[in-house]
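Here is the structure we will look at.
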Amino acid sequence: MSKVLMYSTGVCPYCTRAEMLLKQRGVTEIEKVRIDIEPARREEMMTRTGRRTVPQIYIGETHVGGFDDLAALDRAGGLQPLLDAA
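Under the numbering used here, the residue at position 10 of the sequence shown is numbered 14, and the numbers go up by one with no gaps.
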C-alpha cells in the first residue's frame with residue numbers, strides 16, 4: 005500500500021473526514037504533518053502544493069489535493085488503484 009502523507013491541523017473537520025475515508029479504503033498509517041504545531045511546515049506545504057488550505061493529501065508521490073478531491077477520486081474509482089500502487 006502506498007504511503008499517505010496529510011498536511012492537517014487539529015481542528016479541521018475535512019482532515020477528519022479524509023482520514024476516515026482513507027481508513028475505510030484500508031489505509032492503516034497516515035503520516036500527519038500538523039501545520040498548526042509546526043508552522044514552518046505550512047510554507048513547505050504551500051510550496052509543494054500551491055495551496056493554503058488543509059488537508060493536503062499525498063499518496064506516494066501523487067498530490068491528490070484536499071478532501072473534496074480525495075472524495076471525487078474515490079467516486080471515480082481512482083483512489084483504490086492509487087493506494088494499491090506501491
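Quick reminder that beta carbons are idealized off the backbone N, C-alpha and C, glycines included.
The DSSP-derived three-state label of Glu33 is coil. Straight across, the Cα-Cα distance linking His67 with Met49 is about 11 Å. For Met49, the enclosing alpha helix (DSSP H) has its first and last residue at 43-53.
Per DSSP, Met24 is one residue of the alpha helix (DSSP H) stretching across 17-28.
With a cutoff of 8 Å on beta-carbon distance, Met10 and Ile61 are scored as near each other. Pairing Arg52 with Gly81, the inter-Cα distance amounts to about 25 Å.
Arg21 has its alpha-carbon roughly 11 Å from the corresponding atom of Gln28.
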